[in-house]
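Working notes, structure below.
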DNA sequence: GCGTATCTTCCAGAAAATGGAAACGTATTA
DNA sequence: TAATACGTTTCCATTTTCTGGAAGATACGC
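Residue numbers (the numbering used here), protein chains in the order written: chain A, 1 to 301; chain B, 1001 to 1301.
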């Protein structure tokens, strides 16, 4: 490699830093130490003969040259990622559509959202990945995912151009087996005082809203379980181990699949689901379909 | 860097090998040893999990996966090169147009070919590079040049998609100072038997044609100098040190600039100039202008 | 001011790239 | 058929580059 050739490893680190907005976060995402990134970044700047970042307080800000570099790097690594995928998936006829879904999103909702992209005219090969919200956003940034469906919108980070599209906002009720319903339906919500409850984990935005709701109603129910995965939560609910929160509008599905009925509404508590994508010149055609499907479910409520 | 990330250095070497058609040539161009390239290529294939090349006799042939990889690599390194240039040239308003010109091309011809791109509507910043034919083709392959003007067309190498456009074909005469003209113009070409001659170097295609012409006429003139640079050759000619070959149609220019007049035509000897470009989706707009300018000079002859 | 968060510099150990030597396989030539 | 030329691959010691611990510099918030 000639000395004046671009060092693509350095460029990759630069790209990560630019998108994450800080060396520290980029180092985390790349699984490297900050010194390493800082050093390589310095080498890249020295080689290019100009600064890509300017110190901005205790963090960094892209220079004009940096913006140019970022725009090019974005393209380069997008193509690189496509190459990696093209070679790893062999010669499938169906185009790939990779979606990350956080645990908290009801499987049925995700299913209805995504089922249509499998059918013509798109007929993609759907690749579904579950995982931590932050991890999924990382994969999105690396162009390894086309879309993330989550129960929260994306934090706005500098240069990481994410677009969060609200798919659906639903009111939440507590559901329970018929037995629990018998015990708790009367005098709701005061009947909850001694009721067993299955709740989302604290990392889940819905959990915060439910905790606040319990607070206002001065209720101290017996929290018997916490889950990140909404399906697992409902499976425990099906066994009658506790009341669990779920979208009021999914009453029928929950009755059919989990044998549970609404015990009472959590007034003012709602859950939102978002489709999060990177802003690209050419969006994956399946994204529009998914967004439309989200809108339909919203209208159906 | 994650272990399953693309190694862009390896990809660069693969790209060079694919375009050059052999590891040996790629190693030469990159200034590395064959073992190095071979090793890295092997690593890339192992990491991707499939062969990019298949042995074909004692050389290599792209596999289907290799063709996919090449197409992507081509884009990646083209963008990388644009980035390098965008950053090195700062914020010029004029778009860059980089042309390689081999020594053998008369400067005046090159000038007439290229002058129009400096003027509106294109108004590019012209970057002229002289050098060995092979070296210039290398720069072209690396996308560091947009066009090469040379006295020969490009050899057809596998995967190195070059397009040679014939600009001009001109008949050659021998020119000389008025003094030499006096000595040699009578009884041409037999008068050449004892005449001092300034000729292009043996690497030049025109030289082959001239040698053949001398052979057929059974002439053994006194070759006093060999030059790769046609301008330097003519400068010696101007000093009266020998007769020199030049396009018959440039008579007036040569009289004005080098004080030399035609002594006699080399029947059947001609020189061609070519504009050589890589085949891209979007050609540099200046290339069309240059090709048109070449056509005009041809018409004028 | 003091603790904390962030980037940078220095340096030694770890990892990767590199090329010399030689083996191997295939085409060309005698 | 053998000899030769050409091109790739493998082995391995050397060189270069990358990496992260430690410590220093600078900015922000309380």
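Cβ coordinates follow ideal geometry from the N, Cα and C atoms, glycine included.
A quick note: this is a predicted structure, and the numbers were derived from the prediction, not measured.
Check: Curious, which full-length alpha helix (DSSP H) runs of at least 4 residues does the region 191-222 of chain A contain?
Finding: 205-216
Check: Which one of A:71, A:142 and A:76 has the shortest CA to CA distance from residue 1072 of chain B?
Finding: A:76
Note to self: I'd like to check one pair, residue 143 of chain A with residue 302 of chain A: are the Cβ atoms closer than 8 Å?
What the structure shows: Nothing in the structure corresponds to residue 302 of chain A, since chain A is present only between 1 and 301.
Notebook entry, point to check: Does the beta carbon of residue 1274 of chain B sit closer than 8 Å to a beta carbon anywhere in chain A?
Noted result: no
Check: From what residue to what residue does the alpha helix (DSSP H) around residue 61 of chain A run?
Finding: Run containing residue 61 of chain A: none in the alpha helix (DSSP H); it sits in the beta strand (DSSP E), 59-62.
Check: Assuming residue 1189 of chain B contacts residue 1219 of chain B under a Cβ cut-off of 8 Å, what Cβ separation, rounded to an integer in Å, is found between them?
Finding: 6 Å
Checklist line | Proximity to residue 280 of chain A [Cα-Cα], best of A:8, A:43, A:163 and A:252 | finding: A:163
Next item on the list: Please confirm whether residue 1136 of chain B and residue 1148 of chain B have their CB atoms less than 8 Å apart.
Entry: By the CB criterion at 8 Å, residue 1136 of chain B and residue 1148 of chain B fall inside the cutoff.
Item checked: Spatial distance of residue 1108 of chain B from residue 1215 of chain B (CA atoms) -> 30 Å
Margin query: Distance cutoff 8 Å, beta carbons only. Does residue 1068 of chain B sit that close to anything in chain A?
Written below: Interface with chain A (8 Å Cβ-Cβ cutoff): residue 1068 of chain B is included.
Check: Taking Cβ positions only, does residue 80 of chain A come closer than 8 Å to chain B?
Finding: yes
Check: What residues from chain A crowd round residue 1088 of chain B, counting only those whose CB sits closer than 8 Å?
Finding: Result: 48 and 49.
Next item on the list: Quick one: list the residues of chain A neighbouring residue 1084 of chain B, beta-carbon separation under 7 Å, in chain order.
Entry: Those within 7 Å of residue 1084 of chain B in chain A are 6.
Item checked: residue 278 of chain A in three-state terms, based on DSSP -> strand
Checklist line | Reduced DSSP secondary structure (H/G/I, E/B, other) of residue 1053 of chain B | finding: Annotated three-state conformation of residue 1053 of chain B is strand, per DSSP.
Item checked: Check whether residue 1087 of chain B and residue 275 of chain A have beta carbons under 8 Å apart -> no
Notebook entry, point to check: Using the C-alpha atoms, what's the distance from residue 213 of chain A back to residue 176 of chain A?
Noted result: 18 Å
Next item on the list: Can you tell me which of A:270, A:53, A:43 and A:289 puts its alpha carbon nearest to the alpha carbon of residue 171 of chain A?
Entry: A:270
Item checked: Stretch pair the region 244-251 of chain A + the region 115-132 of chain A: three plus CB contacts closer than 8 Å -> no
Check: Taking the DSSP output, what are the residues bridged to residue 367 of chain A?
Finding: This structure cannot speak to residue 367 of chain A, because chain A is shown only from 1 to 301.
Check: chain B partners of residue 72 of chain A, CB-CB under 8 Å?
Finding: 1079, 1080, 1082, 1083 and 1086
Check: Taking just the CA atoms, how far does residue 146 of chain A sit from residue 99 of chain A?
Finding: Counting only the Cα atoms, residue 146 of chain A lies some 6 Å from residue 99 of chain A.
Notebook entry, point to check: Applying the criterion that 16 or more other CB atoms from any shown protein chain within 10 Å of the CB defines a buried residue, is residue 103 of chain A buried or exposed?
Noted result: buried
Note to self: Whole angstroms are fine: how far does the CA of residue 1230 of chain B sit from the CA of residue 1200 of chain B?
What the structure shows: 7 Å
Note to self: For residue 1283 of chain B and residue 1277 of chain B, I'd like the C-alpha separation in whole angstroms.
What the structure shows: 9 Å
Next item on the list: Answer yes or no: does any C-beta atom of chain B fall closer than 8 Å to that of residue 65 of chain A?
Entry: yes
Next item on the list: Would you tell me roughly how many angstroms separate the C-alpha atoms of residue 198 of chain A and residue 152 of chain A, rounded to the nearest one?
Entry: 20 Å
Notebook entry, point to check: Can residue 48 of chain A and residue 63 of chain A be called in contact, C-beta distance under 8 Å?
Noted result: no
Checklist line | Inter-residue CB distance, residue 1221 of chain B and residue 1195 of chain B (contact presumed, cutoff 8 Å) | finding: 5 Å
Check: Terminal residues of the continuous alpha helix (DSSP H) containing residue 34 of chain A?
Finding: For residue 34 of chain A, the enclosing alpha helix (DSSP H) stretches over residues 34-48.
Checklist line | Contacts that residue 75 of chain A makes with chain B (C-beta to C-beta distance below 7 Å) | finding: Using a Cβ-Cβ cut-off of 7 Å, residue 75 of chain A is close to 1079 of chain B, given in chain order.
Notebook entry, point to check: Taking only beta-carbon atoms, is residue 1281 of chain B less than 8 Å away from chain A?
Noted result: It does not: the Cβ of residue 1281 of chain B has no partner Cβ on chain A nearer than 8 Å.
Margin query: Alpha carbons only, please: which of A:95, A:41 and A:132 is nearest the one belonging to residue 120 of chain A?
Written below: A:95
Next item on the list: Figure out for me which residue from B:1294, B:1031 and B:1008 has the closest Cα to the Cα of residue 1168 of chain B.
Entry: B:1294
Next item on the list: Could you tell me how far apart the beta carbons of residue 1174 of chain B and residue 1236 of chain B are, in whole angstroms, since I believe they sit closer than 8 Å?
Entry: No, residue 1174 of chain B and residue 1236 of chain B are not in contact; Cβ-Cβ is about 14 Å, not under 8 Å.
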